[in-house]
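> Please see the structure below; I have some questions.
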Ligand SMILES: *[C@@H]1O[C@H](CO)[C@@H](O)[C@H](O)[C@H]1NC(C)=O
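Numbering (my numbering), first residue to last: 6 to 265.
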């Protein structure tokens, strides 16, 4: 009898708890990359443990409500066996696009991502494994595209002496997002110049299809007219940028910019 009462009490609490946990209403999900060099050396320098890679790495994956507010700080109803979540396969997958660039251990960083943001997406991703697999899936869909359109195709050449305007940067990103509206942010240098910092891709709440990012997010775009995508490790020869010929000399070689 006593046991039954206890169980009932326990059940009631458990139910209430789940109602709290599951009441998060995710309208969209956002997949945010950062330009590693800006993160490491141009924004408040964070002290990266190595020369940043010449690529975007993941900054975060989270859900937003209908007003575009990031959902965070939900409680995880379960104790996780992290050794099981981060098995070799998962670690290899995540390390490719979501490495810790600082001294923080990557696994600790991913755990933090789950505890801060992942737990608020549990109506869609019931376990850390589902959440991280979805992140990995998204990167496999757009990570290479992002890299090839922006960095490897002479589209946007990362170079401290080359500048791009908002439209050029936006159009490059929209080639990746199926022409859906994306948001990107900058780290200002002065009134006219800024470093590209992050780009946000917005998805349906199951993180399967692109949608336009909400205006509350797109309004945060770079305001300046000259955007620099800084290049990791300083070029050995002084770089210059020839606007008329659309020729950029950076890192000891020439890049030819196709018009975007
Ligand atoms: C702003 O920063 C850019 C890049 O560092 C520089 O070339 C430009 O001269 C600066 N402009 C002013 C007004 O300081």
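A virtual CB, placed ideally from N, CA and C, is assigned to each residue, including glycine.
#1: Which residue from 114, 123, 110, 103 puts its Cα closest to that of residue 67?
#2: Is the separation between the beta-carbon of residue 225 and that of residue 43 shorter than 7 Å?
#3: Starting from the C-beta of residue 11, find all residues in its chain whose C-beta is less than 6 Å away, skip the five residues before and the five after it, and write them out in chain order.
#4: At the level of alpha carbons, what is the spacing between residue 141 and residue 98?
#5: I'd like to know if the segment 104-113 and the segment 148-156 are in contact, where contact means that at least 3 CB-CB pairs between them fall below 8 Å.
#6: With residue 223 as the anchor, note down where its alpha helix (DSSP H) starts and where it stops.
#7: Scan the segment 148-206 and note each continuous beta strand (DSSP E) run of 3 residues or more that stays entirely inside, going in chain order.
#8: Can you name, in chain order, every residue of its own chain whose Cβ lies under 7 Å from the Cβ of residue 200, other than the five neighbours on each side?
#9: Taking only the alpha-carbon atoms, compute the straight-line gap between residue 147 and residue 80 and give it to the nearest angstrom.
#10: Just tell me which of 217, 121, 202 has its CA closest to the CA of residue 49.
#11: Starting from residue 37 and walking both ways along the beta strand (DSSP E), at which residues does that stretch end?
#12: Alpha carbon to alpha carbon, what distance is there between residue 260 and residue 33?
#13: Mark residue 4 as exposed unless 16 or more other C-beta atoms lie within 10 angstroms of its C-beta, in which case mark it buried.
The short version:
#1: Here residue 67 refers to the residue found at position 62 of the chain shown. Minimum Cα distance to residue 67 is reached at 123.
#2: Here residue 225 corresponds to residue number 220 of the chain shown, with the count starting at 1. Here residue 43 corresponds to residue number 38 of the chain shown, with the count starting at 1. No. Outside cutoff.
#3: Start at 1 with the first residue of the chain shown, and residue 11 comes out as number 6. Residue placement at residue 11 is poorly supported in this model, since its pLDDT is 49, which falls under 50; the coordinates still yield a value, given next. Excluding residues within five positions, none has a Cβ falling inside 6 Å.
#4: Residue mapping note: residue 141 aligns to position 136 of the chain shown, counting from 1. Residue mapping note: residue 98 aligns to position 93 of the chain shown, counting from 1. Looking at the two C-alpha atoms, the distance is approximately 7 Å.
#5: no
#6: Within the chain shown, the letter at position 218 stands for residue 223. Segment 220-223, the alpha helix (DSSP H) holding residue 223.
#7: 188-193
#8: In the chain shown, residue 200 corresponds to position 195, counting from 1. The answer, listed in chain order, is 43, 47, 191, 192, 194, 233, 235.
#9: The residue given as residue 147 occupies position 142 in the chain shown. The residue given as residue 80 occupies position 75 in the chain shown. Near 30 Å, if we compare the C-alpha coordinates of residue 80 and residue 147.
#10: Numbered from 1 along the chain shown, position 44 holds the residue referred to as residue 49. If we check each option's Cα against that of residue 49, 202 comes out closest.
#11: Position 32 of the chain shown, counting from 1, holds the residue named residue 37. It spans 33-40 - the beta strand (DSSP E) in which residue 37 sits, taken as one unbroken run.
#12: One-based indexing of the chain shown puts residue 33 at position 28. One-based indexing of the chain shown puts residue 260 at position 255. Roughly 38 Å separates the two Cα atoms.
#13: The chain is shown from 6 up to 265; residue 4 falls before or after that span and cannot be answered.
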